[in-house]
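J.: Input: one structure, supplied below.
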Amino acid sequence: MSRGRHSRTEPSATPIAFYAPLKPPCHPNPSGDRLIARLMLQALAGAGFEPQLASRFRSREGQGDPIRQQRLKSVAQRLADRLIRRYRKLPADQRPRLWFSYHLYHKAPDWIGPRVSQALGIPYVVAEASYAAKQANGPWANGLADTTAAIEQAELILSLNPQDDEGLRQCRADAPIRRLYPFVPGVCDSAVENPREQLAQRLQLDPDSRWLICVAMMRPGDKLHSFQLLADSLQQLPTQDSASSNSTLAQPWQLLVVGDGRARNQVEQLFAPLQSRVRFLGRLQPSQIEPLLQASDLYVWPAVNEAFGMALLEALQAGTPVLAGDEGGVSSLVENGNNGWLTPARDSNAFAQTLQQLLQQPERLTEAGTNARERVDRYHSLHAAGQRLQRLLMPLISPTAAGSQSDTRKPSDA
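Take the sequence shown: its letters are residues 1 to 414, numbered as in full-length UniProt numbering.
The structure is reproduced here in structure tokens:
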């Protein structure tokens, strides 16, 4: 009897090992790293792979303690050896065909992936690796050396932040770097028809004023510095009740601050002179943040030492243009004058001047918001990331695919 076409077994997804040495995707504390790790898993699955979390082990050592670093390395090596034994016991078609590590650097080296990949004879791929030569003689010199070894072993290095590329090529002149745009799950499409009207009533906001918004954790260091610069900038804006000659240029605005953290008291003190113009909303769920972004006129963030900022990308996805400091990888998301505006890094005066101009020209905000959504859909969607990963990874797993896969990279992608 001949078999019907429905009796065929569908080809199974290709298993690959996934590891995030800095923070695993299952970590309880939210962060940009955790979000990107989770998105990577989704994109890999969408690309036709079966990503399997190889380990939850965190290699990060933030104090520069060489004794603790060595202890962590020893634990990681034992875990790697255990994985090797486990994988070798599996049937050949169930073993990982590739190892994929996300985010490694001198404070969080990958001590597991290179060891397992070499033992199994599978390709080793890294995403968002970075190299800082200045750490060669510092307290993380050993971590830098191990990160260097991982970069040298990698058959492919996916760069989410172009700012990392120079260091990677300093570490390895022939580094096989390929561009992977940061991405979000899908096009934002809230079920709320008029979120601004409902939010204005619920939060007691003026629907006729310009709504500014930022979403960030409130912690010491770069985040607190960004809040300080933002507060300084907002205090420079003219007010209608001021005696300044610029009072005629004043435009009503309100700032929505989403986020929380151990530096919240300090953040609130920074904005105290602005009184009722600033509304602190605390930590919210993504489903609660989405309508706030859609209803806002402009996302504002100085972005001190920001790699690229997933919060910026989520704002753009919602159709909210961004005003940010031109630092780190922010310019890879925000095209000045198109989907947002960039000001010189850590310059609160320039930030305030640009913000004042935009408050007076709402038509520019509307146009940039339209551009923001279109750009996210084209370059930063989960679907686009999955297609890109499939084109780049399949030739490593199945060399015969290299000839059949057309490389549509732009020159800047190399």
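Heads up, the beta-carbon is just placed ideally off N, CA and C, and yes, glycines get one too.
It should be emphasised that the depicted structure is a prediction, and the values quoted were computed from it without experimental measurement.
Pick from Q63, S59, R68: whose alpha carbon is nearest that of L79?
T.: Stepping through the sequence shown from its first residue, residue 79 is reached at position 79. Closest option to L79, Cα to Cα, is S59.
J.: May I ask you to list the residues that DSSP assigns as paired with R277?
T.: Locating residue 277 in the sequence shown gives position 277, counting from the first residue. According to DSSP, R277 bridges with nothing at all.
J.: By DSSP, does L342 sit in helix, in strand, or in coil?
T.: Locating residue 342 in the sequence shown gives position 342, counting from the first residue. Three-state DSSP puts L342 in a strand.
J.: DSSP beta-bridge partners for W99?
T.: On the sequence shown, position 99 is the one that residue 99 refers to. In the DSSP output, where bridge partners are listed per residue, W99 has A17, Y124.
J.: Tell me whether E152 is buried or exposed, calling it buried when 16 or more other Cβ atoms sit within 10 Å of its Cβ.
T.: Residue 152 sits at position 152 when you count from the first residue of the sequence shown. With fewer than 16 Cβ atoms within 10 Å of its Cβ, E152 is classed as exposed.
J.: Determine the burial state of S12: buried for a count of at least 16 other Cβ atoms within 10 Å of its Cβ, exposed for fewer.
T.: Start at 1 with the first residue of the sequence shown, and residue 12 comes out as number 12. Looking at its Cβ environment, which holds fewer than 16 other Cβ atoms inside 10 Å, S12 is exposed.
J.: Closest by CA to V184, which one among R196, L323, M40, G167?
T.: By 1-based counting over the sequence shown, the position of residue 184 is 184. Of R196, L323, M40, G167, the residue nearest in Cα terms is M40.
J.: Leaving aside the five residues before and after F100 along the sequence, list all residues of the same chain whose C-beta is less than 6 Å from its C-beta, in chain order.
T.: Looking up residue 100 in the sequence shown gives position 100. Around F100: I16, F18, V125.
J.: What residues in its chain sit with their C-beta under 6 Å from that of L333, if we drop five residues either side in the sequence?
T.: As a first step, residue 333 is located in the sequence shown; it is residue number 333 there, counting from the start. F308, L312, L313.
J.: Quick test of the definition: if touching needs 3 or more C-beta pairs under 8 Å, does the stretch 328-345 touch the stretch 357-370?
T.: Yes, the stretch 328-345 is in contact with the stretch 357-370.
J.: Is it right to say C171 is buried, meaning 16 or more other beta carbons lie within 10 angstroms of its own, or is it exposed?
T.: One-based indexing of the sequence shown puts residue 171 at position 171. Flag for C171 reads buried.
J.: Taking the DSSP output, what are the residues bridged to L158?
T.: The sequence position of residue 158 within the sequence shown is 158, counting from 1. According to DSSP, which records beta bridges pairwise, L158 is partnered with A127, R178.
J.: Is it right to say S381 is buried, meaning 16 or more other beta carbons lie within 10 angstroms of its own, or is it exposed?
T.: By one-based count along the sequence shown, residue 381 stands at place 381. S381 should be labelled buried.
J.: For D326, write down the residues that DSSP places opposite it in a beta bridge.
T.: Indexing the sequence shown from 1 puts residue 326 at position 326. The partner list for D326 (beta bridge, DSSP) reads P344.
J.: What are the complete beta strand (DSSP E) segments, minimum 3 residues, inside the stretch 198-227?
T.: For the stretch 198-227, whole beta strand (DSSP E) runs of length 3 or above, ordered along the chain, are 210-215.
J.: Suppose contacts are defined by Cβ-Cβ distances below 8 Å. Is I84 in contact with A119 by that definition?
T.: Start at 1 with the first residue of the sequence shown, and residue 84 comes out as number 84. Start at 1 with the first residue of the sequence shown, and residue 119 comes out as number 119. Closer than 8 Å, so yes.
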